[in-house]
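Peer 1:
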Amino acid sequence: MTIENLIKHSNAKPGKLAVNVHKFGGSSLATSECIERVIDIICRHCQINDIVVVSANGGVTDQLFTLCQLAKDDLSVEEPLESLQFQLQGLIAQLLNEQNSAYLTQQLHDDFQLLSSWLATDVKSHRNDILAFGEIWSARLLSAVLNERICPSHAVDARDFIQIQSEQNTAVNYDISRNQFEQIKQAHQLTIATGYIARDLEGRSCTLGRNGSDYSATIMAALTGAANVTLWTDVDGIYSADPRIVPAARKLHRLPNGVARELGRLGNPVLHVNTLKPLDEHATHLHVASSFDSETSGTEIGKFGFLAKQELSVTYSNDVLLVSSEQLNSMTLSEATERFSPICFDERNALMVIKQEQQKTVSQWFASKVGEVTFKPVAIIAAVGHKVASRGDVKARFKRALENTKTLDIVSSTSEHSIISVLPDTCSPELTNLVHHEMTKDAKHIGVIVAGLGNIGERFLEILPAQIKNQSVLENVHLVGLLSSQKALINTDGINPKHALVQFEKQAKDYDEEQLLTWLKSHPYDELIVIDITPSERFSLLYREFFKEGIHVIGANKWAASSSTEYFNGLTALAAQNGSVWLGNTTVGAGLPVNFAINDLRRSGDEIGAISGIFSGTLSWLFEQYDGSQPFSKLLLSALEQGLAEPDPREDLSGRDVQRKLLILARLAGFTLSLEDIECQSLVPENLSHLSTQEFLAQADELDQPFAEELERAKEQNNCLRYIAKFTIEDGKLNAKVGLAFVDLEDAFANLNPCDNIFKVESQWYQTNPLIIQGPGAGRDVTAGGIHSDLVAICEQLSTKQHQVKIKGINE
Numbered sequence: 028m029t030i031e032n033l034i035k036h037s038n039a040k041p042g043k044l045a046v047n048v049h050k051f052g053g054s055s056l057a058t059s060e061c062i063e064r065v066i067d068i069i070c071r072h073c074q075i076n077d078i079v080v081v082s083a084n085g086g087v088t089d090q091l092f093t094l095c096q097l098a099k100d101d102l103s104v105e106e107p108l109e110s111l112q113f114q115l116q117g118l119i120a121q122l123l124n125e126q127n128s129a130y131l132t133q134q135l136h137d138d139f140q141l142l143s144s145w146l147a148t149d150v151k152s153h154r155n156d157i158l159a160f161g162e163i164w165s166a167r168l169l170s171a172v173l174n175e176r177i178c179p180s181h182a183v184d185a186r187d188f189i190q191i192q193s194e195q196n197t198a199v200n201y202d203i204s205r206n207q208f209e210q211i212k213q214a215h216q217l218t219i220a221t222g223y224i225a226r227d228l229e230g231r232s233c234t235l236g237r238n239g240s241d242y243s244a245t246i247m248a249a250l251t252g253a254a255n256v257t258l259w260t261d262v263d264g265i266y267s268a269d270p271r272i273v274p275a276a277r278k279l280h281r282l283p284n285g286v287a288r289e290l291g292r293l294g295n296p297v298l299h300v301n302t303l304k305p306l307d308e309h310a311t312h313l314h315v316a317s318s319f320d321s322e323t324s325g326t327e328i329g330k331f332g333f334l335a336k337q338e339l340s341v342t343y344s345n346d347v348l349l350v351s352s353e354q355l356n357s358m359t360l361s362e363a364t365e366r367f368s369p370i371c372f373d374e375r376n377a378l379m380v381i382k383q384e385q386q387k388t389v390s391q392w393f394a395s396k397v398g399e400v401t402f403k404p405v406a407i408i409a410a411v412g413h414k415v416a417s418r419g420d421v422k423a424r425f426k427r428a429l430e431n432t433k434t435l436d437i438v439s440s441t442s443e444h445s446i447i448s449v450l451p452d453t454c455s456p457e458l459t460n461l462v463h464h465e466m467t468k469d470a471k472h473i474g475v476i477v478a479g480l481g482n483i484g485e486r487f488l489e490i491l492p493a494q495i496k497n498q499s500v501l502e503n504v505h506l507v508g509l510l511s512s513q514k515a516l517i518n519t520d521g522i523n524p525k526h527a528l529v530q531f532e533k534q535a536k537d538y539d540e541e542q543l544l545t546w547l548k549s550h551p552y553d554e555l556i557v558i559d560i561t562p563s564e565r566f567s568l569l570y571r572e573f574f575k576e577g578i579h580v581i582g583a584n585k586w587a588a589s590s591s592t593e594y595f596n597g598l599t600a601l602a603a604q605n606g607s608v609w610l611g612n613t614t615v616g617a618g619l620p621v622n623f624a625i626n627d628l629r630r631s632g633d634e635i636g637a638i639s640g641i642f643s644g645t646l647s648w649l650f651e652q653y654d655g656s657q658p659f660s661k662l663l664l665s666a667l668e669q670g671l672a673e674p675d676p677r678e679d680l681s682g683r684d685v686q687r688k689l690l691i692l693a694r695l696a697g698f699t700l701s702l703e704d705i706e707c708q709s710l711v712p713e714n715l716s717h718l719s720t721q722e723f724l725a726q727a728d729e730l731d732q733p734f735a736e737e738l739e740r741a742k743e744q745n746n747c748l749r750y751i752a753k754f755t756i757e758d759g760k761l762n763a764k765v766g767l768a769f770v771d772l773e774d775a776f777a778n779l780n781p782c783d784n785i786f787k788v789e790s791q792w793y794q795t796n797p798l799i800i801q802g803p804g805a806g807r808d809v810t811a812g813g814i815h816s817d818l819v820a821i822c823e824q825l826s827t828k829q830h831q832v833k834i835k836g837i838n839e
């Protein structure tokens with residue numbers, strides 16, 4: 028959503044656009060530069076009827092806590108109070124014009140007079156009011172900047188409408204809260220609401236605890252029926268483990284609601300169990316994204332299908348206690364678990380595990396029930412995923428990962444979304460990495476989109492199920508998209524290759540490039556591969572956009588690989604810059620391993636001096652058959668009838684396809700040249716080149732006399748005719764040409780099966796006896812097989828690829 032669209036929607040009728048909630052954490056609002064990023068995100072992602080929830084500017088709440096503690100201890104607050112006011116005045120001055128800055132500075136001055144009074148007189152009674160100032164200042168400043176630069180907005184104090192039971196029980200009275208919000212919201216203005224704060228039934232200010240602003244955001248979603256909530260924070264998603272501890276942690280692009288709740292319950296540093304509670308009764312999806320890298324796809328939490336349910340993650344905590352008592356019976360334990368929601372419990376062994384901060388209340392309650400109770404510091408490590416407790420393979424792997432580690436117990440959570448091991452000692456980083464590796468080593472999901480559903484595309488899909496079954500590296504490859512020139516079928520949860528074409532016929536919809544790129548930029552896979560089996564130059568122009576997003580390409584399409592030198596070099600640099608792999612072994616020779624051979628020679632230190640051969644299956648067939656016994660035009664029409672030539676045979680006779688293939692091989696061999704550097708002999712006379720296809724075919728007999736004369740000249744020299752491509756390096760000078768040539772009858776180029784391609788590679792190590800690669804250079808089976816070879820090769824590369832974790836820090 029651009030600034031212009033945001034302003035345009037400011038006049039939209041309320042309720043016409045779906046409401047979304049965007050929450051920005053303290054680190055996202057810490058400095059003027061951070062706030063500028065937030066403004067940019069709002070311009071691009073918000074509609075005028077959305078809700079923006081803000082935390083206090085980074086570090087402000089900590090300073091307010093410090094002021095309260097200093098005042099409580101009868102220590103001077105003058106210097107830290109002045110420092111805080113100076114910091115906030117600086118933000119105002121940096122972001123607003125003179126008039127608005129003066130107005131906001133006066134409001135801030137009034138607040139600090141009240142704050143100073145409370146700190147001096149009754150800090151205990153006003154503690155939560157003091158802490159609330161952080162969010163008030165943050166919301167007020169952001170709203171003022173938006174009003175000045177972007178669109179109408181208004182700041183609202185959540186205490187004016189969110190009512191909770193108490194600070195100890197933060198359950199929301201939604202009916203009252205919703206009615207009060209309806210009364211204070213303003214049409215055609217972006218709402219900037221404070222996070223972290225609310226009021227209780229007695230009207231007292233309350234704070235919502237750890238991750239309180241996240242909780243505020245999901246409360247707002249429940250109040251307004253929002254379609255989505257985005258938590259813009261300092262990390263770019265939820266990972267399969269804490270990436271500060273586990274460098275190999277993978278981003279979890281999609282998390283089922285139940286799994287997310289379990290991660291929050293077990294202490295995930297980004298998610299908190301309270302954050303997810305308001306969404307229990309709603310279809311709202313929760314997104315976690317980074318305000319420091321807003322273009323990177325984050326994590327989405329909601330209702331998903333099979334693939335998302337296969338994700339596994341590992342979490343741990345060293346801040347837990349084991350509760351045990353000899354008098355503890357199953358009835359008392361059942362009552363205790365109902366009351367305290369422990370991390371885990373085991374009726375058989377009469378024990379449960381709680382968070383350290385629960386010790387006092389648990390101790391008091393147990394003392395009144397069973398008498399003596401003991402608390403022992405322990406640690407937990409857990410495997411978390413959809414219904415993992417009922418998945419025997421997952422439980423077996425978890426136990427195997429811990430077989431050399433002393434454990435007190437291994438139990439399943441009541442939700443069945445986690446398996447928890449209780450450890451007598453601290454959970455070390457080494458153990459966390461070990462368990463994570465064992466649980467997630469095969470978990471990288473690779474999405475595949477096939478563009479081009481002709482003969483070769485169909486054959487590729489036919490082979491795909493067997494390949495996935497037989498090639499272990501393809502185990503986590505999922506077909507997720509099919510594209511023709513006009514229609515697309517995209518299914519995030521995967522398309523069964525066995526029924527893909529039938530499904531495409533029934534479900535594919537019209538699409539344009541913008542829609543396709545929008546989906547690709549937010550795809551939910553660890554890696555995405557686009558397989559281009561189209562002949563389309565237009566589609567090849569999308570490679571730039573693919574590479575910008577780190578998407579990989581397997582191209583049977585020759586256009587990009589034979590584009591201008593400047594464009595080609597730009598593409599390869601862009602792919603390297605963003606970690607994209609670009610393979611195109613079927614651009615030349617279909618399934619023949621000529622590209623592999625050239626790459627292997629260069630990797631081994633060899634230097635290639637020349638490459639030559641017959642690169643066109645059509646021209647190979649024509650000149651293998653042409654012996655003068657029948658006119659050349661009759662052979663050409665026969666090739667057309669058999670499907671061996673292009674619908675307009677001049678595409679083959681022009682030599683342009685062979686010219687492009689030679690350019691691709693020369694570049695692969697390490698040489699810089701353009702199409703214009705390759706001399707190309709067309710076999711189409713000038714007078715036939717501008718006719719329609721039908722007119723050309725009707726006059727094709729005009730080819731007969733020139734070819735008969737060439738054949739006669741070749742025979743006089745005991746040669747045959749062949750259409751040859753060749754480039755050589757001699758004395759540092761490159762010569763490249765494709766055209767008709769006389770070939771000795773004993774030459775390898777003279778003895779081919781019809782339609783075969785042949786490649787001769789001469790190098791430092793293959794001089795007197797060149798390397799020859801020969802075989803079918805076209806055909807649906809060999810070309811589809813060549814694409815599958817590329818798919819296996821690319822997946823082998825990706826299996827060892829590590830993504831850089833984009834993380835500024837994790838909220839404490």
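Offset between the sequence shown (1-based) and our numbering: plus 27. The beta carbon of each residue, even a glycine, is placed where N, CA and C say it ideally should be. Keep in mind it's a predicted model, so treat the numbers as computed, not measured.
1) Which value, in whole angstroms, describes the spacing of the CA atoms of Glu63 and Leu123?
2) So for Gly813, helix, strand or coil by DSSP?
3) Taking Gln96 as part of the alpha helix (DSSP H), name the residues at either end of that continuous run.
4) So for Ala316, helix, strand or coil by DSSP?
5) Between the alpha carbons of Phe623 and Leu480, how many angstroms are there, rounded?
6) Could you name the residues of the same chain whose beta carbon sits closer than 6 Å to that of Leu825, not counting the 5 residues immediately before and after it, in chain order?
7) Less than 8 Å between the CB atoms is what I'm expecting for Ala268 and Thr148, so what's the real figure, rounded?
8) Nearest chain C C-beta to Ser439 closer than 9 Å, yes or no?
9) Using the Cα positions of Lys382 and Glu399, report the straight-line distance between them to the nearest angstrom.
10) So for Asn596, helix, strand or coil by DSSP?
11) I'd like the span of the beta strand (DSSP E) that includes Glu757, first residue to last.
12) Express the C-alpha separation of Val150 and Val262 in angstroms, rounding to a whole number.
13) Below 8 Å on the Cβ atoms is my guess for Arg277 versus Thr453; work out the distance and round it to an integer in Å.
14) Is it buried or exposed, Gln354, if we count other Cβ atoms within 10 angstroms and call 16 or more buried?
15) Determine which residues share a DSSP beta bridge with Cys178 and list them.
16) Can the beta-carbon of Gly86 be found closer than 9 Å to that of Gly53?
17) Answer yes or no: do Gly636 and Thr755 have a C-beta to C-beta separation smaller than 9 Å?
18) How many angstroms separate the CA atom of Ile558 from the CA atom of Arg375?
19) For the beta strand (DSSP E) that contains Lys585, what are its first and last residues?
20) Which partner residues does Thr221 have in the DSSP bridge list?
21) Quick one, are the C-beta atoms of Arg749 and Phe776 less than 9 Å apart?
22) Gly332 by DSSP, collapsed to three states: which one?
23) Between Asp704 and Lys336, what straight-line distance do the alpha-carbon atoms span, to the nearest angstrom?
24) Could you pull out every unbroken beta strand (DSSP E) segment of at least 3 residues lying fully inside the segment 385-450, listed in chain order?
25) Drop a sphere of 10 angstroms on the beta-carbon of Asn612, count the other beta-carbons inside from all chains shown, and report buried for 16 or more, exposed for fewer.
26) Enumerate in chain order the residues of its own chain whose CB-to-CB distance from Val415 is below 6 Å, with the five nearest sequence positions on each side excluded.
27) Would you say the beta carbon of Ile265 comes nearer than 8 Å to a heavy atom of the ligand GDP?
28) Indicate whether Leu97 and Pro107 have their beta-carbon atoms separated by less than 9 Å.
29) For Leu111, which residues in the same chain have their Cβ closer than 6 Å to its Cβ, ignoring the five residues on either side in sequence?
30) Determine, using beta-carbon pairs with one atom in the segment 790-809 and one in the segment 628-643, whether at least three such pairs fall under 8 Å.
31) Taking its Cβ as the centre, do 16 or more other Cβ atoms sit within 10 Å of Glu651, making it buried, or is it exposed?
32) When you compare only the Cα positions, how much space is there between Cys371 and Pro270?
33) Quick one, which of Tyr552, Phe425 and Glu572 has its alpha-carbon nearest Leu544's?
34) In angstroms with no decimal places, state the Cα-to-Cα distance between Val347 and Ser417.
35) Residues in its own chain within less than 6 Å of Gly294 by CB, not counting five upstream and five downstream?
36) Would you mind working out which of Lys212, Ile246 and Ser340 sits nearest Tyr266, comparing C-alpha positions?
Peer 2: Looking at the coordinates:
1) To locate residue 63, count along the sequence shown from 1; it is residue 36. To locate residue 123, count along the sequence shown from 1; it is residue 96. If you take the alpha carbons of Glu63 and Leu123, they lie about 12 Å apart.
2) For the purposes of this step, residue 813 is identified with residue 786 of the sequence shown, where counting begins at 1. Note: Gly813 maps to helix in three-state DSSP.
3) In the sequence shown, the residue the question calls residue 96 occupies position 69. From DSSP, the alpha helix (DSSP H) with Gln96 extends over Val87 to Lys99.
4) Mapped onto the sequence shown, residue 316 falls at position 289. Strand.
5) Counting from one through the sequence shown, the residue named residue 623 turns up at place 596. Counting from one through the sequence shown, the residue named residue 480 turns up at place 453. So the alpha carbons of these two residues sit roughly 26 Å apart.
6) The residue you call residue 825 lines up with position 798 of the sequence shown. Result list for Leu825: Glu554, in chain order.
7) Residue mapping note: residue 268 aligns to position 241 of the sequence shown, counting from 1. Residue mapping note: residue 148 aligns to position 121 of the sequence shown, counting from 1. Wrong, their Cβ atoms sit about 48 Å apart, outside the cutoff.
8) Looking at the structure shown, chain C is missing, and only one protein chain is on hand.
9) For the purposes of this step, residue 382 is identified with residue 355 of the sequence shown, where counting begins at 1. For the purposes of this step, residue 399 is identified with residue 372 of the sequence shown, where counting begins at 1. Whole-angstrom Cα-Cα distance: 19 Å.
10) Reading the sequence shown from its first residue, position 569 is the one you call residue 596. The answer is helix: DSSP assigns Asn596 an H, G or I state.
11) Residue mapping note: residue 757 aligns to position 730 of the sequence shown, counting from 1. Here the beta strand (DSSP E) through Glu757 covers Asn746 to Glu757.
12) Start at 1 with the first residue of the sequence shown, and residue 262 comes out as number 235. Start at 1 with the first residue of the sequence shown, and residue 150 comes out as number 123. Cα-Cα distance, rounded: 35 Å.
13) If you number the sequence shown from 1, residue 277 lands on position 250. If you number the sequence shown from 1, residue 453 lands on position 426. 25 Å between Cβ atoms; not a contact.
14) Start at 1 with the first residue of the sequence shown, and residue 354 comes out as number 327. Gln354 comes out exposed.
15) Here residue 178 refers to the residue found at position 151 when the sequence shown is read from its first residue. In DSSP, Cys178 forms no bridge with anything.
16) Stepping through the sequence shown from its first residue, residue 86 is reached at position 59. Stepping through the sequence shown from its first residue, residue 53 is reached at position 26. Cβ atoms of Gly86 and Gly53: closer than 9 Å.
17) In the sequence shown, counting from the first residue as 1, residue 636 sits at position 609. In the sequence shown, counting from the first residue as 1, residue 755 sits at position 728. Their beta carbons are under 9 Å apart, which means Gly636 touches Thr755 by this criterion.
18) Sequence index remark: in the sequence shown, residue 558 carries index 531 (1-based). Sequence index remark: in the sequence shown, residue 375 carries index 348 (1-based). For Ile558 and Arg375, the distance between alpha carbons rounds to 55 Å.
19) Position 558 of the sequence shown, counted from the start, is the residue given in the question as residue 585. Neither: Lys585 is in no beta strand (DSSP E) and is coded neither H nor E.
20) In the sequence shown, counting from the first residue as 1, residue 221 sits at position 194. According to DSSP, Thr221 bridges with Val81.
21) Stepping through the sequence shown from its first residue, residue 749 is reached at position 722. Stepping through the sequence shown from its first residue, residue 776 is reached at position 749. Yes. Within cutoff.
22) Here residue 332 is taken as the residue at index 305 of the sequence shown, counted from 1. It is coil, neither helix nor strand.
23) Counted from its first residue, the sequence shown places residue 704 at position 677. Counted from its first residue, the sequence shown places residue 336 at position 309. Their Cα atoms are separated by approximately 54 Å.
24) 401-412, 436-439 and 445-450
25) Here residue 612 refers to the residue found at position 585 when the sequence shown is read from its first residue. Answer is buried; the Cβ neighbour count reaches 16.
26) Residue numbering aside, residue 415 sits at position 388 when the sequence shown is read from its first letter. Within the same chain, Val415 has close Cβ partners Val421 and Ile446.
27) The ligand GDP is not part of the structure shown, which contains no ligands of any sort.
28) As a position in the sequence shown, residue 97 is number 70, starting the count at 1. As a position in the sequence shown, residue 107 is number 80, starting the count at 1. Yes, they are a contact pair.
29) If you number the sequence shown from 1, residue 111 lands on position 84. Cβ within range, chain order: Gln90.
30) yes
31) As a working mapping, residue 651 is identified with position 624 in the sequence shown. Looking at its Cβ environment, which holds 16 or more other Cβ atoms inside 10 Å, Glu651 is buried.
32) Taking the first residue of the sequence shown as 1, we reach residue 371 at position 344. Taking the first residue of the sequence shown as 1, we reach residue 270 at position 243. Distance between the alpha carbons of Cys371 and Pro270: 25 Å.
33) As a working note, residue 544 is residue 517 in the sequence shown. Checked all of Tyr552, Phe425 and Glu572; the closest Cα to Leu544 is Glu572.
34) By 1-based counting over the sequence shown, the position of residue 347 is 320. By 1-based counting over the sequence shown, the position of residue 417 is 390. Each residue's Cα considered, the two are about 25 Å apart.
35) Taking the first residue of the sequence shown as 1, we reach residue 294 at position 267. Once the five neighbours on either side are set aside, the close Cβ partners of Gly294 are Ser344.
36) Along the sequence shown, read from residue 1 onward, the residue named residue 266 stands at position 239. Residue Ser340 is the option with its Cα nearest to Tyr266.
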